[in-house]
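Read through the structure below, which is laid out as C-alpha cells, and then see the notes.
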Amino acid sequence: MIVAPILSLLYFITSQTYLGDLMVRTTVSVIKADIGGLAGHHIVHPRLKEVAIEELSNARDARLIEDFYVTAVGDDLQLIMTHRKGVESSEIHELAWNTFKRATNVAKELGLYGAGQDLLKDAFSGNLKGMGPGVAEMEFEERPSDPIVIFMADKTEPGAFNLPIFKIFADPFNTAGLVIDPRLHDGFIFEIMDVYESKIVEMNSPEEMYDILSLIGTPGRYVVRRVFRKSDREIAAVVSTTRLNLIAGKYVGKDDPVAIVRAQSGFPALGEILEPYSLPFLVAGWMRGSHHGPLMPVSEKDARPTRFDGPPRIVALGFQVQESKLIGPSDLFSDVAFDETRRLANIITDYMRRHGPFMPHRLGPEEMEYTTLPKVLEKLKDRFKTE
Ligand code: F6R
Ligand code: MG
Ligand code: MG
C-alpha cells in the first residue's frame, strides 16, 4: 500500500532532476569597480587581477559560482561570472564586494592611485545597488548553443551604450535580421531609465522608434537599461546602471559601464552586434569625466587609455555559455577590420582636443563632474554690471 506513493515520489524527484538538467537557467553577472590605478587613473595592477582570480576560484570550488573570467579595462577591474543564483543574488553581490575589498587592501599596500575609490560604503548590506560597483546581470534558459558578448568601457558613462544598442536592436540598416529573419521581425522592447527622476519606461520598437530616439538621444539623462525580444519577452541585452540610483535628484551618471548582449538564433548576429562600433561615435567622459570624445574599440591589451586620459575605450569579449560554463573568450575588437575605426578615432581625438576648454569638447556645465564655475561667478558677482 505504501509502495505506490513512494514510487510516485521517486518518479517525481527523478523527473524534476531530469527536467532541471534539461532546462538550465544560468545567470551571467558582470560586476566591475575601479579600486585603484597604476600610474593614476590608468590601468589595473596585475596583482589585483591575481587576487580576484584567487577569490573567484575559491567561490567556484565551493560551487557558489559555476565559472568566471577576470579582466581589466583601463582602471576598472572586471569580474565576469556565471552561476545559478539569479539576478541580484546577495551571495553573488557579496562575493564581488569581498573580492573588491581584498583587492583594495592590496591596492593600498602598493599605494595605487585612488585605492578603493568605487567602494562607497563601509559594509555590505545585501545588494550592490548604490554601493559603487557597476553591475550588469541577466538570467536565461540556455539554448543548445548560447553565444553572448560582454562589453566593457572605460572613461565614459552608461548612456554611451544608447547609440549602439539602438542600432543593434532597432536599425534595419545595421541589423539585417530585423528585416529578413522572422524571429527578429516583430522587434524589441526598450526599457529606458530617466536617471534624473529615477523612473523607468518600456517602449516598443519599431512602432515607437522616433519617440525612443527623442529620449535616448540625450544619453546623459535617458539610458537604455534592458532590451527584450518582443515576441516572447526573452531578455536580449542589459546595461549597468546600478550607480545611477545612488543619490536621488543628484546626477551621478559617470560610471564606466558594462553590458551583456545575447547573439544569434533569434537574436542579432555577432556581426550585427559589433557593427555599430565601426563608427567611433562621440561619448561623454574622457578627461575628468567632463569631455566629449570618440569611443575607440580596442583589444584587451590595448585598453590602456593615456591620451588626455583617453580617448574612451571599449572592449568586447565573446563567450559561449555551456551548462553555465564560460567557453572563451574571443577578443572581438582585436580584428584588423576595426583598424580604420581606430585610425578615425585618433583623428577625431586630435580634432576634439584642439578645442581645449571650449564646448562641445568640454561638456555643458550641468553634466561636468566638477567645475569651478560657481566660484568664478561668486568672485565676479560685484564686478558684473548691468548694462
Ligand atoms: C575620468 C578619470 C580621470 C580623472 C583625472 C583627474 O573618468 O578618471 O580623467 O578624472 O585623471 O583625476 P584626479 O582628480 O584624481 O587627479
Ligand atoms: Mg577611474
Ligand atoms: Mg575607469
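To get the working numbering, take the position in the sequence shown, counting from 1, and add 13. Think of the CB as a built atom: it goes at the ideal place given N, C-alpha and C, for glycine as much as any other residue. Here the structure is a predicted model, which is why all the values come from computation and not from measurement.
Cα-Cα separation, residue i to residue j
i, j, result
"serine 270", "threonine 399", "Per the sequence shown, residue 270 should be read as proline rather than serine. Taking the straight line joining both Cα atoms gives about 45 Å."
"alanine 75", "glutamate 336", "17 Å"
"isoleucine 56", "aspartate 88", "4 Å"
"lysine 142", "glutamate 104", "14 Å"
"valine 214", "glutamate 204", "6 Å"
"aspartate 199", "valine 252", "22 Å"
"arginine 367", "serine 291", "24 Å"
"tyrosine 235", "isoleucine 44", "22 Å"
"leucine 345", "valine 311", "9 Å"
"threonine 84", "lysine 392", "46 Å"
"leucine 123", "alanine 189", "50 Å"
"isoleucine 260", "glycine 145", "Here isoleucine 260 scores only 47 on pLDDT, less than 50, and its place in the model is too uncertain to base an answer on."
"valine 41", "lysine 338", "10 Å"
"isoleucine 161", "leucine 283", "8 Å"
"arginine 320", "lysine 314", "16 Å"
"arginine 458", "phenylalanine 280", "The structure shown does not extend to residue 458, since the chain spans only 14 to 400, so no value can be given for it."
"tyrosine 209", "glycine 233", "9 Å"
"isoleucine 78", "glycine 369", "47 Å"
"aspartate 268", "threonine 39", "26 Å"
"arginine 196", "alanine 272", "23 Å"
"alanine 65", "isoleucine 229", "35 Å"
"alanine 350", "arginine 356", "11 Å"
"glutamate 379", "serine 303", "10 Å"
"leucine 51", "proline 293", "26 Å"
"asparagine 140", "glutamate 107", "7 Å"
"aspartate 47", "alanine 316", "14 Å"
"aspartate 194", "valine 240", "18 Å"
"glutamate 68", "lysine 114", "11 Å"
"isoleucine 225", "glutamate 382", "27 Å"
Proximity test, residue i beta-carbon vs ligand 2 heavy atom, cut-off 6 Å
i, result
"histidine 2", "What the structure shows of the chain is the stretch from 14 to 400, and residue 2 is not part of that stretch, so it cannot be assessed."
"aspartate 315", "no"
Ligand 1 heavy atom lying under 6 Å from the CB of residue i
i, result
"aspartate 80", "no"
"aspartate 322", "yes"
"arginine 238", "no"
"arginine 375", "no"
"glycine 306", "no"
"glycine 302", "yes"
Closer than 6 Å: residue i CB and nearest ligand 3 heavy atom
i, result
"glycine 369", "no"
"aspartate 131", "no"
"aspartate 245", "no"
Exposed unless 16 or more other CB atoms sit within 10 angstroms - verdict on residue i
i, result
"phenylalanine 397", "exposed"
"arginine 246", "exposed"
"phenylalanine 371", "exposed"
"leucine 386", "exposed"
"serine 227", "exposed"
"arginine 326", "buried"
"asparagine 111", "exposed"
"threonine 231", "exposed"
"proline 177", "buried"
"glutamate 63", "exposed"
"leucine 133", "exposed"
"isoleucine 353", "In the sequence on display, residue 353 carries glutamate and not isoleucine. Counting Cβ neighbours within 10 Å, glutamate 353 comes out exposed, since fewer than 16 surround it."
"leucine 125", "buried"
"alanine 136", "exposed"
"methionine 309", "buried"
"asparagine 175", "buried"
"glycine 147", "buried"
"methionine 206", "buried"
"glycine 377", "exposed"
"alanine 249", "buried"
"leucine 98", "Here the sequence assigns lysine to residue 98, which means leucine is not the residue at that position. Classification for lysine 98: buried."
"lysine 394", "exposed"
"proline 307", "buried"
"valine 389", "exposed"
"aspartate 334", "For clarity, residue 334 is valine in the given sequence; the question names aspartate instead. By the neighbour-count rule (16 or more Cβ atoms within 10 Å), valine 334 is buried."
CB contact below 7 Å: residue i versus chain B
i, result
"lysine 180", "The chain inventory of the structure shown lacks chain B, comprising one protein chain alone."
Worksheet item: Counting pairs of beta carbons, one from the region 76-95 and one from the region 320-333, are three or more of them closer than 8 Å?
Response: yes
Worksheet item: Quick one: any contact between the region 295-302 and the region 184-200, if contact means 3 or more CB pairs under 8 Å?
Response: no
Worksheet item: Is the number of C-beta pairs between the region 284-294 and the region 146-155 that are closer than 8 Å three or more?
Response: no
Worksheet item: Three or more beta-carbon pairs under 8 Å between the region 211-220 and the region 161-171, yes or no?
Response: no
Worksheet item: Whose CB is closer than 5 Å to a heavy atom of ligand 3? List the residues in chain order.
Response: Asp47, Gly87, Asp88, Asp89, Asp167, Asp269
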